[in-house]
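I have placed the structure first, in the form of structure tokens, so that the comments after it can refer back to it.
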Amino acid sequence: MSNDMNKTNDVMLDIKNLVVEFKTEDETVQAINGIDLKINKGKTHGLVGETGAGKTTTALSILNLVPFPAEKPTAGTIELDGVHLYKTNEKGECVPALTEKDYQSIRGEKVAMIFQDPMTALNPIFTVGDQIAESVRLHQNVDQAKAMERAREMLELVGIPAKRADDYPHQFSGGMKQRVVIAMALACNPSLLIADEPTTALDVTIQAQVLEMMRGLRDKFGTSVLMITHDLGIIAEMCDEVSVMYAGRIVEYGNLEDIFDNTRHPYTQGLFNSLPNIEDRKAELKPIRGLMPNPADLPKGCAFCPRCDYAMEICKTVRPERKWLSETHCVECHLYDDGKDVSKL
Amino acid sequence: MNAANTRKIPKKKSQAYEIWRRFKKNKTAMAALIVLSLIILSTLCADFIWDYQKDACSINIKNRLQHPSWEHPLGTDELGRDMLCRLVYGARASLTVGILGTSFALLVGGTLGAIGGYYGGKLDNLIMRCTDVLLAIPGLLLCIAIMSAFKSNVFYISLSLGISYISKFTRIVRSSILSVRDQEYVEAARAIGASDFSIITKHVLMNCMAPIFVQYALAIGSRILSVSTLSYIGMGIQAPTPDWGNMLSGARAFIRGNTYLVMGPGVALLLTISSFNLIGDGLRDAMDPRLKK
Chain A
18 MSNDMNKTND VMLDIKNLVV EFKTEDETVQ AINGIDLKIN KGKTHGLVGE
68 TGAGKTTTAL SILNLVPFPA EKPTAGTIEL DGVHLYKTNE KGECVPALTE
118 KDYQSIRGEK VAMIFQDPMT ALNPIFTVGD QIAESVRLHQ NVDQAKAMER
168 AREMLELVGI PAKRADDYPH QFSGGMKQRV VIAMALACNP SLLIADEPTT
218 ALDVTIQAQV LEMMRGLRDK FGTSVLMITH DLGIIAEMCD EVSVMYAGRI
268 VEYGNLEDIF DNTRHPYTQG LFNSLPNIED RKAELKPIRG LMPNPADLPK
318 GCAFCPRCDY AMEICKTVRP ERKWLSETHC VECHLYDDGK DVSKL
Chain B
3 MNAANTRKIP KKKSQAYEIW RRFKKNKTAM AALIVLSLII LSTLCADFIW
53 DYQKDACSIN IKNRLQHPSW EHPLGTDELG RDMLCRLVYG ARASLTVGIL
103 GTSFALLVGG TLGAIGGYYG GKLDNLIMRC TDVLLAIPGL LLCIAIMSAF
153 KSNVFYISLS LGISYISKFT RIVRSSILSV RDQEYVEAAR AIGASDFSII
203 TKHVLMNCMA PIFVQYALAI GSRILSVSTL SYIGMGIQAP TPDWGNMLSG
253 ARAFIRGNTY LVMGPGVALL LTISSFNLIG DGLRDAMDPR LKK
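Protein chains in written order, with this note's numbering: chain A, 18 to 362; chain B, 3 to 295.
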């Protein structure tokens, strides 16, 4: 009982069986097909996968900002710090559990999001100070002067001189804009920060600076982070736990050690094989062959089956169940069905 | 203390000031602004020079059709009224109707366009089809129809001129909003918890200000021309109230012998309308922060 209590108090974000489908007139795009994801307070969870795997849709579901034509998850629950964001109605449909006003107060205050491209995430006609202050004013009952004060503080915190608060976004470089975006996200001390590929648009040296800064701020404020990326290096740098996402499912989940040293899923292995090896410069890169399946027409069995080197007959027809390999590590793959020899991997 | 802290922090200039600073650099726009200010100033000060009833409206047959002289710089019309006086008072009617009518069109059309563009879907479709219907009716014909149903006063003339212009604003605001609403900063605004209203008014509309402002300035010019047209055919501002349109209409019969009668209102219309157009262009350039120097 007391154990249970502790558990609920520790969990910042709990996504269960989330399904998001985009229905159009002639097809249904299955963006997310039942994922479970849990982030404990103060922890950083990495969500890794290639373009189109459903990473951003997962993030937008948390904010109830799933784009048209879905506009809301098809099924599943999301619990944020003990508050249910979605509920299931009598017809078995997933509906928002809160009013739009409540979501507006959650966005930015409890959950903040860092966008992928800092070049477009800032409004070109307002000064950066105004934009940070806007987020403060929306959630805290303060006047413009106080909010600007806070905006300047936030800018200093991300390493930009406070006097630049009166400058417009086009007067900043890409890395500085991303810092501004981060300052905006952190202005209200959110308890969960969703970083949607925060460094993809930046060059490598700036990436390192921004990551270093984010790590510092995360430790300072004890923020939980959902780190969405396709860069395994960032995962290794920043995260406590990793979920590998493929075609709308989490195919492997574990802590850093599980994923990096005990890689189990063929897709995760493929991801590692696609990285250049710094010790062996002659080694050839082994990219994963083929492309991700069309999410409007997913294979019946395992979605990775057509690209998998270890594919078996069963993979074509039966979707693999989640298999727990240890307390922290699970995988969705038929290779680990009972009695199968896994040593060859 | 390091150097960065001791350096003087430049005082923050407001956005309006920045726009004005950039606007000032545009010589043609400034010239237009000066011309327009003179026109507005003259019509505001007219009461200090003339007596409206006596000089602009009452008939003085003894003075009819005088050529320009020191006493009457632009001559007198067929009823002996001073043309300069009537020209200056005429600006009052034209400008009022032009600005009122355009503002009405902007308010209604802009709101509809913003709602349609932002929310999309069925609502957008409905609004745009209504706009199409309105657009299918020739503007001047619509004005005439409305004018014949109501009294000819400044309010109804503005209203009719506004209604015939609503669809233009709806389309312009909608298309500007469509180009902005899917920008990432709009999504970012949603992600910090801004409401739809504040997103539309602050993030979306403010980014569309340049085309809307330009259109507003151009529309005032076009509305002034329309009110003159209406007055010219006798549907607009009614005599004896002076208006450039009905002045032109009155002068038509004397155009051979007394050409100066059409010169005054004609040049006044030309100056006013081109001023509005040039100011609109100048504003567009000045309002784009990326052109900031």
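Glycine included, C-beta positions come from ideal geometry on N, C-alpha and C. Treat the numbers as computed from the prediction; the structure is a model and nothing was measured.
Going by C-alpha distance, which of B:I168, B:Q55 and B:A190 is nearest G103 (chain B)? B:I168
What does the alpha-carbon distance come out to for the pair D126 (chain B) and H187 (chain A)? Their backbone Cα atoms lie some 33 Å apart in a straight line.
Quick one: give me the first and last residue of the alpha helix (DSSP H) that I79 (chain A) is part of. K72 to I79
Segment limits, beta strand (DSSP E) that includes V36 (chain A): V28 to K40
Short of 9 Å Cβ to Cβ, which residues in the segment 92-126 of chain A face chain B? Those would be E117, K118, Y120, Q121, S122, I123, R124, G125 and E126, in chain order.
Less than 8 Å between CB atoms is the rule here; does T137 (chain A) satisfy it with respect to chain B? yes
Give, in chain order, every unbroken run of the alpha helix (DSSP H) that is at least 4 residues long and sits entirely within the segment 63-150 of chain A. 72-79, 117-123 and 135-138
Output the boundary residues of the beta strand (DSSP E) element that contains A159 (chain A). Reading off the sequence shown, one finds Val at residue 159 (chain A), where the question assumed Ala. First-last for V159 (chain A): undefined, no H or E at that position.
Answer yes or no: does any C-beta atom of chain B fall closer than 8 Å to that of S370 (chain A)? There is simply no residue 370 (chain A) to check, as chain A begins at 18 and stops at 362 in what is shown.
Let's test the definition: count the other Cβ atoms within 10 Å of the Cβ of L43 (chain B) and tell me whether it reaches 16, buried, or not, exposed. Here L43 (chain B) is exposed: its Cβ has fewer than 16 other Cβ atoms, across all protein chains shown, within 10 Å.
Buried or exposed for A300 (chain A), please, with buried defined as at least 16 other CB atoms from any protein chain shown within 10 angstroms of its CB. exposed
Quick check: is the beta carbon of I214 (chain B) nearer than 8 Å to any beta carbon in chain A? no
Find out if the Cβ-Cβ distance for the pair T73 (chain A), V83 (chain A) is shorter than 8 Å. no
Span of the alpha helix (DSSP H) around M249 (chain B): W246 to A253
Any beta carbon of chain B sitting closer than 8 Å to that of H346 (chain A)? False, the Cβ-Cβ gap to chain B never drops below 8 Å.
What separation, rounded to the nearest whole angstrom, lies between the Cα atoms of L108 (chain B) and L81 (chain B)? 39 Å
Quick one: list the residues of chain B neighbouring N140 (chain A), beta-carbon separation under 9 Å, in chain order. Q185, Y187, V188, A190, A191, K204, H205, M208 and N209
3 or more residues per run - each beta strand (DSSP E) lying fully within the segment 199-277 of chain A: You should have 209-213, 241-246, 258-263 and 266-272.
DSSP bridge partner residues for C347 (chain A) (one or two, in chain order): A:Y270 and A:W341
Could you list which residues in chain A have their beta carbon closer than 8 Å to that of A18 (chain B), in chain order? Ordered by position in chain A, no residue passes the 8 Å Cβ test against A18 (chain B), which lies about 13 Å from the chain.
For P242 (chain B), collect the residues of the same chain with a Cβ closer than 7 Å to its Cβ; drop the 5 residues on either side in sequence, then sort them by chain order. C59
Cα separation between I222 (chain B) and G141 (chain B)? 15 Å
Would you check if the distance between the CB atom of P215 (chain A) and the CB atom of I131 (chain A) is smaller than 8 Å? yes
Do you know offhand how far Q226 (chain A)'s Cα is from I194 (chain B)'s? One C-alpha to the other measures close to 24 Å.
Beta-carbon spacing of M262 (chain A), L64 (chain A) below 8 Å: yes
Exposure of S360 (chain A), with buried meaning 16 or more beta-carbon neighbours within 10 Å: A caution first: S360 (chain A) carries a pLDDT of 47, below 50, which makes its placement in the model unreliable, though a value can still be read off. Counting C-beta atoms within 10 angstroms of its own C-beta, S360 (chain A) has fewer than 16 neighbours from the protein chains shown and is therefore classed as exposed.
Among B:G115, B:S277, B:I165 and B:S160, whose alpha-carbon lies nearest the alpha-carbon of L180 (chain B)? B:G115
Using a C-beta to C-beta distance shorter than 7 Å, which residues of chain A count as neighbours of S197 (chain B)? Q121
Would you verify that the beta carbon of I101 (chain B) is, or is not, closer than 8 Å to some beta carbon of chain A? no
Between which two residues does the alpha helix (DSSP H) holding L302 (chain A) run? That residue, L302 (chain A), is in no alpha helix (DSSP H); it is neither H nor E in DSSP.
Neighbour-count burial assignment, T246 (chain A), 16 or more Cβ in a 10 Å radius: Counting Cβ neighbours within 10 Å, T246 (chain A) comes out buried, since at least 16 surround it.
Buried/exposed call for E151 (chain A), threshold 16 Cβ in 10 Å: Buried: at least 16 other Cβ atoms inside 10 Å.
Check whether the Cβ atoms of V128 (chain A) and P178 (chain A) sit closer than 8 Å, and answer yes or no. no
Contact check, N279 (chain B) vs L220 (chain B) under 8 Å by CB: the rounded distance? 6 Å
The segment 156-175 of chain A: positions lying closer than 8 Å to chain B by Cβ: H156
Three-state secondary structure assigned by DSSP to N7 (chain B): Since pLDDT at N7 (chain B) reaches only 46, below the 50 mark, its modelled position is unreliable, and the value read off the structure follows with that caveat. N7 (chain B): helix per DSSP, three-state reduction.
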